[in-house]
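First up is the structure itself, then whatever we jot down about it.
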Ligand SMILES: [Zn+2]
């Protein structure tokens, strides 16, 4: 865990000043207040913090991270026999743990995932002393990127992660399963899941030599391919409404799974889907502006923002929200309402399950952010037990498929 550092027990004014200072340096900083003291956690997105150990011979400095070990990892990962979901999950962990391959642990010892040495790693790795952000400890040293991959899976198989095999084709399910025992940091799960897109990009970038310089991932797709931006509602710090059992989760984690399933299956619907996550900035309008700025750069055909509703326990039904005056937005909303009706069989609210959002309505700034049709989906009420039983029976992937079918039908109508 070289990338992320924590300072606990700070007086809150001091924590605020350190936060400003670090943010000025480009760090991502989170301050938690508890009983008068503050705990500050920070990490650097594009450049790792300087390695905690002294520089060794031939070890690149943190300001010029080597891409060699990192490239070896990506090549090895692509050639490995793991499922796509396993590769995405593992690479996202490596992005987080090694600061994109820039940590000394990654460069010197090819340990990209902060794996500590245990006797069960004998034969897979050698023990080395290493000073990471959480102090000195004995870590694994691997002979090659391939040896790292073998070692990682042995570490998981032989460790306290029983049941992980059930998630071989479900990257976020896998991370949710292992996170509590893999890392002490309670934000580990959400930060790693938030890196899936980057992992997907890295894995496929190596795939297509034409992707360099073209600036447009759609060059190989035919002209009829729909580019669907999937924006996950809310963010990891403010995860939205929570759903009652048997869903038992809030909007953000639930819809991250829906989005992942959509991205994985989009190809079957002649759609290229990309997931976009909103990042907490402290200001709702800047959060929306930022994510839709990224979406616009990607040049989508259309976008949907994933939510579910919440109100009194007896409120129920499906609704799809669009920008007033957007004819195509309304058409897409109608297709979405119909497909979700087929899946869940809930009441379509407002007659046909669609509603234009007026200025001042919650979600309005999302549906008017782009120049392409954008629909904010509210497929069910998380506050309604019956709605939740129905959605739990179908699962997140089925809901994602309903959205994909609707978008395809809209695009080919
Ligand atoms: Zn919501």
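Residue numbers (the numbering used here): 5 to 417.
Quick reminder that beta carbons are idealized off the backbone N, C-alpha and C, glycines included.
To the nearest angstrom, how far is the alpha carbon of residue 314 from that of residue 353? Taking the straight line joining both Cα atoms gives about 14 Å.
Beta strand (DSSP E) segment containing residue 234, residue limits: It spans 230-236 - the beta strand (DSSP E) in which residue 234 sits, taken as one unbroken run.
What's the gap between the Cα of residue 357 and the Cα of residue 308? Their Cα atoms are separated by approximately 15 Å.
Leaving out five residues before and five after residue 87 in sequence, what residues of the same chain have Cβ atoms less than 8 Å from its Cβ? Leaving aside the five residues that flank residue 87 on each side, the residues in its chain whose CB is nearer than 8 Å to its CB run, in chain order, 172, 173.
Answer yes or no: do residue 38 and residue 176 have a C-beta to C-beta separation smaller than 8 Å? It is not a contact, given that the beta carbons lie outside the stated cut-off.
With hydrogens ignored, establish whether the beta-carbon of residue 321 is closer than 7 Å to any heavy atom of ligand 1. Incorrect: residue 321 has no Cβ contact closer than 7 Å to ligand 1.
Pull up the CB-CB distance for residue 348 and residue 398, whole angstroms please, since I reckon it's below 8 Å. In this structure residue 348 is in contact with residue 398, their Cβ atoms being roughly 7 Å apart against a cut-off of 8 Å.
Rounded straight-line distance, which links the Cα of residue 17 to that of residue 267: Within the model, the alpha-carbon separation for residue 267 versus residue 17 is close to 43 Å.
Is residue 255 near ligand 1, going by C-beta to nearest heavy atom under 7 Å? Yes - ligand 1 has a heavy atom lying nearer than 7 Å to the Cβ of residue 255.
In chain order, what residues of the same chain have a beta carbon less than 6 Å from the beta carbon of residue 51, not counting five sequence neighbours either side? Here the model assigns residue 51 a pLDDT of 40, short of 50, so the residue's position is not dependable and the matter cannot be decided.
Measuring from the CB of residue 245, is there a heavy atom of ligand 3 at a distance below 7 Å? Ligand 3 is not part of the structure shown, which contains ligand 1 as its ligands.
Flag this pair as yes or no: are the beta carbons of residue 407 and residue 340 separated by less than 8 Å? Between residue 407 and residue 340, the C-beta gap is smaller than 8 Å, which places the two residues in contact.
Measuring straight from C-alpha to C-alpha, what distance separates residue 254 and residue 244? If I take the Cα positions, the gap works out to 6 Å.
Within 10 angstroms of the Cβ of residue 363, are there 16 or more other Cβ atoms? Answer buried if so, exposed if not. With fewer than 16 other Cβ atoms within 10 Å, it is exposed.
Out of curiosity, what's the CA-to-CA distance linking residue 161 and residue 116? The C-alpha of residue 116 is placed about 18 Å away from the C-alpha of residue 161.
Could you give the DSSP three-state label for residue 388: helix, strand or coil? Coil.
Closest by C-alpha distance to residue 126, when choosing among 118, 92, 145: Nearest in C-alpha terms to residue 126, of all of 118, 92, 145, is 145.
Mind checking whether residue 200 and residue 92 have CB atoms under 8 Å apart? Yes.
Mind checking whether the beta-carbon of residue 311 lies closer than 7 Å to any heavy atom of ligand 1? If you check the C-beta of residue 311 against ligand 1, you find a heavy atom less than 7 Å away.
Going by DSSP, which residues form a beta bridge with residue 43? Residue 43 is bridged to 36.
Cα-Cα separation, residue 55 to residue 417: Summary for residue 55: the model assigns pLDDT 36, below 50, so the residue's position carries little reliability; its value from the coordinates is reported in the next sentence. Going from the Cα of residue 55 to the Cα of residue 417 covers about 55 Å.
My parser needs the beta strand (DSSP E) runs of 3 or more residues fully inside the region 294-344; what are they? The qualifying runs are 306-310, 323-326.
In the DSSP output, what is residue 358 paired with across the bridge? In the DSSP output, where bridge partners are listed per residue, residue 358 has 324.
So is residue 102 buried or exposed if we call it buried at 16+ other beta carbons inside 10 Å? By the Cβ neighbour-count rule, residue 102 is buried, with 16 or more other Cβ atoms within 10 Å of its own.
Hey, how far is the Cα of residue 390 from the Cα of residue 24? Residue 390 and residue 24: Cα-Cα distance of roughly 47 Å.
Among the candidates 178, 121, 180, whose CA atom is the shortest distance from the CA of residue 159? Comparing Cα-Cα distances from residue 159 to each of 178, 121, 180, the minimum goes to 121.
Can you tell me whether DSSP reads residue 176 as helix, strand or coil? In the three-state DSSP reduction, residue 176 falls in the helix class (H, G or I).
Does ligand 1 have a heavy atom nearer than 7 Å to the CB of residue 386? No.
In whole angstroms, give me the CA-to-CA distance for residue 381 and residue 191. Cα-Cα distance, rounded: 27 Å.
Expressed to the nearest angstrom, what Euclidean distance is found between the alpha-carbon atoms of residue 351 and residue 183? Here the alpha carbons of residue 183 and residue 351 stand approximately 38 Å from one another.
Among 205, 206, 138, which residue has its Cα nearest to the Cα of residue 10? Of 205, 206, 138, the smallest CA-CA separation from residue 10 is found for 138.
If you measure between the beta carbons of residue 143 and residue 134, is that distance less than 8 Å? It is a contact, given that the beta carbons lie within the stated cut-off.
Any heavy atom of ligand 1 closer than 7 Å to the beta-carbon of residue 238? For residue 238, the distance from the CB to the nearest heavy atom of ligand 1 is below 7 Å.
For a minimum of 4 consecutive residues, which ranges assigned as the alpha helix (DSSP H) are wholly contained in the region 369-416? Restricted to the region 369-416, the alpha helix (DSSP H) segments that are unbroken, complete and at least 4 residues in length are 389-398, 400-416, listed in chain order.
Pair every Cβ in the region 328-335 with every Cβ in the region 269-287, then say whether three or more of these pairs are closer than 8 Å. Cβ pair count under 8 Å is below three, so no.
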